[in-house]
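For the sequence shown, our numbering assigns the number 9 to the initial residue and increments by one for each residue that follows.
Cβ coordinates follow ideal geometry from the N, Cα and C atoms, glycine included.
Inspection log for the structure reproduced underneath, given as structure tokens.
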Amino acid sequence: MRTALTRDVSPALHLCELSHLARSPIDHDRALAQHAAYEQCLMELGCHVHRLPSDASMPDAVFIEDTAVVVDEVAVITRPGAKSRRPETEAVSAALGRYRSLAAIEAPGTVDGGDVLRVGRTFYVGDSARSNRDGIAQLGEALAPYDYRVVPVVTRDCLHLKTAATVAAPGIIVLNPAWVDPAIFGNLTLVEVDPGEPFAGNVLRIGEVTVAGMSFPRTNRRLEAAGVAIRTVDMSEFAKAEGGVTCCSIIFEAGEEPGA
Numbered sequence: 009m010r011t012a013l014t015r016d017v018s019p020a021l022h023l024c025e026l027s028h029l030a031r032s033p034i035d036h037d038r039a040l041a042q043h044a045a046y047e048q049c050l051m052e053l054g055c056h057v058h059r060l061p062s063d064a065s066m067p068d069a070v071f072i073e074d075t076a077v078v079v080d081e082v083a084v085i086t087r088p089g090a091k092s093r094r095p096e097t098e099a100v101s102a103a104l105g106r107y108r109s110l111a112a113i114e115a116p117g118t119v120d121g122g123d124v125l126r127v128g129r130t131f132y133v134g135d136s137a138r139s140n141r142d143g144i145a146q147l148g149e150a151l152a153p154y155d156y157r158v159v160p161v162v163t164r165d166c167l168h169l170k171t172a173a174t175v176a177a178p179g180i181i182v183l184n185p186a187w188v189d190p191a192i193f194g195n196l197t198l199v200e201v202d203p204g205e206p207f208a209g210n211v212l213r214i215g216e217v218t219v220a221g222m223s224f225p226r227t228n229r230r231l232e233a234a235g236v237a238i239r240t241v242d243m244s245e246f247a248k249a250e251g252g253v254t255c256c257s258i259i260f261e262a263g264e265e266p267g268a
């Protein structure tokens with residue numbers, strides 16, 4: 009069973025951490041509606057949605073991707089780079105413990121899941137303001153016993169590696185070359201974002217379909233021209249908090265629903 013772990017929208021989302029954007033008003037009711045539509049999209053694409061409750065003391069908790077890295081063999085609970093976000097991992101750890109054995113990033117290491125891009129058995133990890141070399145090394149140690157490789161990647165002018173680049177389809181990466189060096193991806197096929205849509209490099213592959221933000225029509229057409237099946241969702245309120253389509257879920261395969 010494909011499972012999507014999500015977390016409800018905090019009433020304090022407007023107090024979110026920001027690094028590269030100026031703060032602008034967030035419509036909470038609209039964010040709730042967008043999040044519900046996002047979860048509905050995940051369900052229609054075959055995911056069982058396991059939603060955790062919101063918490064008014066954790067403005068960014070809806071961006072659950074940052075709290076864990078999950079593979080078939082283990083779930084690695086991260087230590088987010090923003091101190092305010094570290095309490096988010098407790099509930100996520102409890103939830104994932106029902107599905108996986110657990111490992112954890114320890115101080116002084118930091119890793120945000122948004123910096124962790126899996127391509128096959130290689131994990132490219134952004135060496136960013138949120139993920140440091142110690143944390144990246146710990147992630148490598150946690151995954152090495154299962155034959156995964158971790159490669160640090162320098163990013164520039166963006167929050168996370170997956171702000172700049174994601175997997176659009178097998179063998180295809182969509183990326184913003186201003187924020188990450190395309191050469192790191194070797195012989196993979198690259199689709200560059202439209203210059204007028206710098207944040208369009210964040211997409212979410214689920215099965216045979218790629219979920220993308222509807223705010224990026226020109227880049228989405230580029231992906232469709234490359235043979236990628238696109239489904240769009242409106243994430244405009246979350247974009248104000250530097251979020252995208254990968255940020256609001258942790259997707260993994262589970263043997264069965266807990267309690268079944």
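Measure the CB-CB distance between Arg108 and Ala83 and report whether it falls below 8 Å. In the sequence shown, residue 108 corresponds to position 100, counting from 1. In the sequence shown, residue 83 corresponds to position 75, counting from 1. Contact flag set, yes.
Taking 8 Å as the threshold (C-beta atoms), are Gly252 and Phe207 in contact? Numbered from 1 along the sequence shown, position 199 holds the residue referred to as residue 207. Numbered from 1 along the sequence shown, position 244 holds the residue referred to as residue 252. Closer than 8 Å, so yes.
Within its chain, find whatever has a CB closer than 7 Å to the CB of Gly148; leave out the 5 residues flanking it on each side and keep chain order. Translated into the one-based positions of the sequence shown, residue 148 becomes position 140. Answer for Gly148: Val158, listed in chain order.
Straight-line CA distance for Glu114 to His168? Counted from its first residue, the sequence shown places residue 114 at position 106. Counted from its first residue, the sequence shown places residue 168 at position 160. About 20 Å.
From the DSSP output, in three-state form, read off Pro160 for me. For the purposes of this step, residue 160 is taken as residue 152 along the sequence shown, with counting starting at 1. If DSSP states are grouped into helix, strand and coil, Pro160 belongs with the strands.
Taking 8 Å as the threshold (C-beta atoms), are His58 and Val17 in contact? Indexing the sequence shown from 1 puts residue 17 at position 9. Indexing the sequence shown from 1 puts residue 58 at position 50. No.
Quick check on Cys24: buried or exposed, where buried means 16 or more other Cβ atoms within 10 Å of its Cβ? Position 16 of the sequence shown, counted from the start, is the residue given in the question as residue 24. Label assigned to Cys24: buried.
Proximal residues to Leu196 (C-beta, below 8 Å), its chain only, five neighbours per side dropped: Working through the sequence shown from its first residue, we reach residue 196 at position 188. Once the five neighbours on either side are set aside, the close Cβ partners of Leu196 are Val127, Gly179, Ile180 and Ile181.
Cut-off 7 Å between Cβ atoms - residues of its own chain near Asp35, not counting five sequence neighbours on either side: The sequence position of residue 35 within the sequence shown is 27, counting from 1. Here Asp35 has Glu245 as same chain residues with Cβ atoms under 7 Å from its own Cβ, once five neighbours each way along the sequence are excluded.
Below 8 Å on the Cβ atoms is my contact criterion, and I expect Thr14 with Cys256 to pass it. Report the Cβ-Cβ distance as a whole number of Å. Along the sequence shown, one-based indexing puts residue 14 at 6. Along the sequence shown, one-based indexing puts residue 256 at 248. The Cβ separation is near 6 Å, so the contact holds.
Fully enclosed by the stretch 163-219, which alpha helix (DSSP H) runs are 4 residues long or longer? 169-172
Beta-bridge pairing of Ala115 - partner residues as DSSP gives them: On the sequence shown, residue 115 is found 107 positions in, with the first residue counted as 1. Beta-bridge annotation (DSSP): Ala115 is not paired with any residue.
Kindly indicate which residue of Ala247, Arg230, Asp63 and Ala103 has the alpha-carbon position closest to the one of Arg31. The residue labelled residue 31 in the question sits at position 23 within the sequence shown. Nearest of Ala247, Arg230, Asp63 and Ala103 to Arg31, Cα basis: Ala247.
With a threshold of 8 Å, are at least 3 pairs of Cβ atoms found where one atom belongs to the stretch 59-78 and the other to the stretch 235-244? no
Through-space distance from Val199 to Met243, alpha-carbon basis: Along the sequence shown, read from residue 1 onward, the residue named residue 243 stands at position 235. Along the sequence shown, read from residue 1 onward, the residue named residue 199 stands at position 191. C-alpha separation (whole angstroms): 21 Å.
With a CB to CB cut of under 6 Å and the five nearest residues on each side skipped, what residues in its chain are close to Ala150? In the sequence shown, residue 150 corresponds to position 142, counting from 1. Answer for Ala150: Val84 and Ala111, listed in chain order.
How would you call Gln48, buried or exposed, if buried means at least 16 neighbouring beta carbons within 10 angstroms? As a first step, residue 48 must be located in the sequence shown, where it is residue number 40. Flag for Gln48 reads exposed.
Could you tell me the alpha carbon to alpha carbon distance between Ala186 and Gly194, rounded to whole angstroms? To locate residue 186, count along the sequence shown from 1; it is residue 178. To locate residue 194, count along the sequence shown from 1; it is residue 186. When rounded, the distance between both Cα atoms is 17 Å.
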